[in-house]
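Colleague: Per the numbering used here, the sequence shown starts with residue 2, numbered consecutively.
Just so you know, even glycine gets a beta-carbon here, dropped at the ideal spot from N, CA and C.
Just so you know, these numbers come straight off a predicted model, no measurement behind them.
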Amino acid sequence: MPVAVPVRPPRPPKPLALSLKQRKTAVLSVQPAPVLPNAALAFIFCTAALDPPTVSYIGPSFQATQSQATILSHVNSQWRSVSLTIPELWHHLLLFDLDSDVNEVERPIYARKPWLKELFRRSDPLPIDIGIAGYSYLPRDPVLVGLELEHLPRIRTYRALLDERGWETLSSCLDEPAAILESLSLAFRPAMGRTSAPAPQLPRDLFNGHCPRLTKISLRGCLPSPSDFSSAVRANLTSLTVSQVSGPGVPTADRWLAHFSGMLRLEHLLLEGGAIAVSGRRNSQTRVASSEAVVLPSLRSLSLEGDVEAIGTLLHRLQSSVDARISVSCSEVRREGGIDHVLAAFGECMENAAMGIGTGQPVSFMAIKGGESKLEVSDGSQSRHLSLSFCREDDPPTPTWETVLSKFLGTVPFTIASLMAMEIQLPSAPPSLIRSLSGACQLERLVNLSTTMLRQMLPPLQKHQMTMGMGSPCPDLFHTGSLLSPLPVLPALHTLHVSSSDVFSGPSWAALQGYLRWRALGWRAVRVIQVPMSGGIEDEVVNVMRKLNISFIYVE
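#1: Out of 231, 189, 138 and 262, point me to the one whose CA is closest to residue 244's CA.
#2: Could you check if residue 540 is buried or exposed, using at least 16 other CB atoms within 10 Å of its CB as the buried criterion?
#3: Tell me which same chain residues have a C-beta within less than 6 Å of the C-beta of residue 318, skipping the five on either side of it?
#4: Kindly indicate which residue of 464, 323 and 455 has the alpha-carbon position closest to the one of residue 513.
#5: For residue 65, which residues from the same chain have a beta carbon less than 6 Å from its beta carbon, with the 5 sequence-adjacent residues on both sides left out?
#6: How would you label residue 530, buried or exposed, when you count the other beta carbons within 10 angstroms and need 16 or more for buried?
#7: Measuring alpha carbon to alpha carbon, tell me which of 322, 149, 137 and 453 ends up nearest residue 507.
#8: Alpha helix (DSSP H) containing residue 233: first to last residue?
#9: Who pairs with residue 157 in a beta bridge, going by DSSP?
#10: With H, G and I counted as helix, E and B as strand and the rest as coil, what does DSSP make of residue 111?
#11: Let me check one thing: in DSSP terms, what residues is residue 89 bridge-paired to?
#12: Nearest by alpha-carbon distance to residue 275: which of 185, 261 and 306 is it?
#13: Thinking C-alpha only, which one of 249, 225, 248 and 207 is nearest residue 233?
#14: DSSP puts residue 130 in a beta bridge; with which residues?
#15: Am I right that residue 427 and residue 405 are in contact with their C-beta atoms under 8 Å? What's the rounded C-beta distance?
#16: Can you check DSSP and say which residues form a bridge with residue 548?
#17: Whose C-alpha, out of 511, 533, 499 and 446, is nearest the C-alpha of residue 490?
#18: Identify which residue in 494, 554, 495 and 525 has its Cα closest to the Cα of residue 502.
#19: DSSP has residue 331 in a bridge; who is on the other side?
#20: Is the beta carbon of residue 182 closer than 8 Å to that of residue 150?
#21: Determine contact between the stretch 420-439 and the stretch 382-394, defined as no fewer than three beta-carbon pairs at a distance below 8 Å.
#22: Around the Cβ of residue 227, are there at least 16 other Cβ atoms within 10 angstroms (buried) or fewer (exposed)?
#23: Quick one: is residue 374 buried, meaning 16 or more other Cβ sit within 10 Å of its Cβ, or exposed?
#24: Just the C-alpha distance for residue 610 and residue 124, rounded to the nearest angstrom, thanks.
#25: Out of 221, 342 and 391, which has the shortest C-alpha to C-alpha gap to residue 242?
#26: Counting only the same chain and skipping the five closest in sequence on each side, list residues whose C-beta sits under 8 Å from that of residue 324.
#27: If I follow the unbroken alpha helix (DSSP H) through residue 531, where does it start and stop?
#28: What did DSSP end up calling residue 593 once you bin it into helix, strand or coil?
#29: Can you list, in chain order, the residues of its chain whose CB lies under 6 Å from that of residue 463, leaving out five sequence neighbours each side?
#30: Return the bridge partner residues of residue 554 from the DSSP annotation.
#31: Between residue 433 and the rest of its own chain, which residues show a CB-CB distance below 8 Å, the 5 nearest in sequence each way excluded?
#32: For residue 160, count the other beta carbons within 10 Å of its own beta carbon; 16 or more makes it buried, fewer makes it exposed. Which is it?
#33: In the DSSP assignment, the beta strand (DSSP E) including residue 202 goes from what residue to what residue?
#34: For the candidate residues 350, 202, 201 and 238, whose alpha-carbon lies nearest to that of residue 218?
#35: How many Å lie between residue 131 and residue 187 at the Cα?
#36: Could you check what DSSP says for residue 508 in three-state terms: helix, strand or coil?
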């Protein structure tokens, strides 16, 4: 039988007055919360306002995050006194205000100046990095430049785009010591209608000779002082960039070499966009040969652009580390003698990389591109790149690209022997190229072959035999003395990459088919042909390749 359970009657509701009285008594009996110490408040403020506290990069959400600093300082007197003792809160807010694109109509500099001065004071003594987000699209206000450089002893990085007024303010402030300055990047852009003005120059006595940490100088549209860098600057400088300059005052090659003297720690050097003036004495071969060498033992990256005579002078006299990467762009190539030093220096750079000298990667790829007025050679990157623009004039005689290419190929035999892939885009196949390919014992791929190159290059390759130069890295298996018959040129070749499907018709197809059949007779047959995806292959071509056991691969 079910057991009867007594039912408890519902509790009668309390009177409203009694309930309110009990709650009021409970609130009054609660003890007040203890006041947090200032150290704990400072830690909480930094955690709330800095995300993370040590990051100096200015991201998209930086403004919303940093506005918390001002909010925290306005809660009460204790919070304000604590927040004013935390330089990190105001340091990040200062950097954002200096580097942000400010609407000068809504917030003119005269209205921002008191607030910026206060931020400089509150962030003291933390170092300041100005312009870390990159150059602004507008020249920096001269009043702002003056305000920033009042705190030059605290500036660690300074990058700014200036016009004439800003440069005048800057020049008047660069005679003070810069104890912690590490990087100085200046870009000059003249005001509208003043594009013909000469490039401004840095003051003669930069930072009064006291800048012990300055390692990087980058100048765009402006120049260093006409006199040499001070010994303090030369001793520590690791990177120097000068570009986009013109007019009087641009240093010649000899003047630059005087600047470089004593820069034993210089690792990166870039002179482009008119940074090297043409000397008045064009025929300088004899004078250059007797000049003193300038030693830059730490140089790792060298990029030069300008007149071939000036660049030849620089490359002839500069002595850098054996693994330095060289990128050279020469214009006004008028006679053969003017490029001898350029070809020798670039060839030595390629040879050192091919032999594994230094810490860089060895060269396994070479691209040769050119035409009637230009020749380019590179390892597939911008770190080793040679560009020559020929001057089309009758007097003095201009060397042809074939002559220049022949000279260059003669300086890089070890590089040719070390290549795994090669891109050739030339109007024709000169004999010097065929002779060089006869030493490419490790070459596996020919890239971007056009109809002209196939028609002119493949038949001569069938008539040559592979050659072995002194110090060749090719294994003993490739030596012709160990085989019953001589090896063909390019014994390791197994892949051809064509530039278009047009190569499978006309004379180029006949040359290609004959070359493939010739290689298939031995044990050095080509196995893969890479074709752009945009082109179609006819059935007749597919059948021929199938009989030769050659695969098609479509590539982008």
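Modeller: By the coordinates alone:
#1: Position 243 of the sequence shown holds residue 244. Residue 189 is the option with its Cα nearest to residue 244.
#2: Sequence index remark: in the sequence shown, residue 540 carries index 539 (1-based). Exposed: under 16 other Cβ atoms inside 10 Å.
#3: As a first step, residue 318 is located in the sequence shown; it is residue number 317 there, counting from the start. Result list for residue 318: 258, 292, 294 and 295, in chain order.
#4: In the sequence shown, the residue the question calls residue 513 occupies position 512. Here the closest residue by C-alpha is 455.
#5: On the sequence shown, position 64 is the one that residue 65 refers to. Because the pLDDT at residue 65 is just 45, under 50, the model does not fix this residue reliably, and the value given afterwards should be weighed accordingly. Counting only Cβ-Cβ distances below 6 Å, and skipping sequence neighbours, we find nothing.
#6: Here the question's residue 530 lines up with position 529 in the sequence shown. Residue 530 is buried by the Cβ-count criterion.
#7: Translated into positions along the sequence shown, residue 507 becomes position 506. Selected option, being the one with the closest Cα: 453.
#8: As a position in the sequence shown, residue 233 is number 232, starting the count at 1. Here the alpha helix (DSSP H) through residue 233 covers 232-237.
#9: Residue mapping note: residue 157 aligns to position 156 of the sequence shown, counting from 1. Partner(s): none; residue 157 has no beta bridge.
#10: Within the sequence shown, the letter at position 110 stands for residue 111. In the structure shown, residue 111 sits in a helix (DSSP, three-state: H, G or I).
#11: Here residue 89 corresponds to residue number 88 of the sequence shown, with the count starting at 1. Answer is none; residue 89 lacks a bridge partner.
#12: Position 274 of the sequence shown, counting from 1, holds the residue named residue 275. Among 185, 261 and 306, the Cα nearest to that of residue 275 belongs to 306.
#13: Translated into the one-based positions of the sequence shown, residue 233 becomes position 232. Among 249, 225, 248 and 207, the Cα nearest to that of residue 233 belongs to 207.
#14: Here residue 130 corresponds to residue number 129 of the sequence shown, with the count starting at 1. For residue 130, which the question treats as bridged, DSSP gives the partners 158.
#15: Within the sequence shown, residue 427 is the residue found at index 426, counting from 1. Within the sequence shown, residue 405 is the residue found at index 404, counting from 1. At roughly 12 Å, the Cβ-Cβ gap does not stay under 8 Å, so residue 427 and residue 405 are not in contact.
#16: Taking the first residue of the sequence shown as position 1, residue 548 is located at position 547. None, per the DSSP bridge assignment.
#17: Within the sequence shown, numbered from 1, the residue matching residue 490 stands at position 489. Out of 511, 533, 499 and 446, 446 has the C-alpha closest to the C-alpha of residue 490.
#18: Taking the first residue of the sequence shown as 1, we reach residue 502 at position 501. With distances taken between Cα atoms, residue 502 lies closest to 554.
#19: Counting from 1 along the sequence shown, the entry for residue 331 is found at position 330. DSSP lists 307 and 389 as partners of residue 331.
#20: For the purposes of this step, residue 150 is taken as residue 149 along the sequence shown, with counting starting at 1. For the purposes of this step, residue 182 is taken as residue 181 along the sequence shown, with counting starting at 1. It is not a contact, given that the beta carbons lie outside the stated cut-off.
#21: no
#22: Taking the sequence shown and counting its residues from 1, the one referred to as residue 227 is at position 226. When all chains shown are included, residue 227 counts as exposed.
#23: Locating residue 374 in the sequence shown gives position 373, counting from the first residue. By the neighbour-count rule (16 or more Cβ atoms within 10 Å), residue 374 is not buried but exposed.
#24: Look at the range of the chain in this structure, 2 to 557, and you will see that residue 610 is not part of it.
#25: The residue labelled residue 242 in the question sits at position 241 within the sequence shown. When only C-alpha atoms are compared, the closest one is 221.
#26: As a working mapping, residue 324 is identified with position 323 in the sequence shown. Answer for residue 324: 301, 353, 354, 358, 359, 360 and 361, listed in chain order.
#27: Counted from its first residue, the sequence shown places residue 531 at position 530. Where residue 531 is concerned, there is no enclosing alpha helix (DSSP H), although the beta strand (DSSP E) it sits in stretches over 529-533.
#28: The question about residue 593 has no answer here: the residues shown for the chain are numbered 2 through 557.
#29: Counted from its first residue, the sequence shown places residue 463 at position 462. For residue 463, where only same-chain residues beyond five positions count, the Cβ hits under 6 Å are 519.
#30: On the sequence shown, residue 554 is found 553 positions in, with the first residue counted as 1. DSSP output for residue 554 lists 531 as bridge partner(s).
#31: As a working note, residue 433 is residue 432 in the sequence shown. Closer than 8 Å at the Cβ level, and outside the excluded window around residue 433, lie 403, 406, 407, 410 and 411.
#32: What you label residue 160 is simply residue 159 of the sequence shown in a count that begins at 1. It is buried - the Cβ of residue 160 has at least 16 other Cβ atoms within 10 Å.
#33: Position 201 of the sequence shown, counted from the first residue, corresponds to residue 202. From DSSP, residue 202 is part of no beta strand (DSSP E); its letter is neither H nor E.
#34: Counted from its first residue, the sequence shown places residue 218 at position 217. When only C-alpha atoms are compared, the closest one is 238.
#35: Counted from its first residue, the sequence shown places residue 131 at position 130. Counted from its first residue, the sequence shown places residue 187 at position 186. Rounded to whole angstroms, residue 131 to residue 187 spans 11 Å at the Cα level.
#36: Taking the first residue of the sequence shown as position 1, residue 508 is located at position 507. Residue state, collapsed to three classes: helix.
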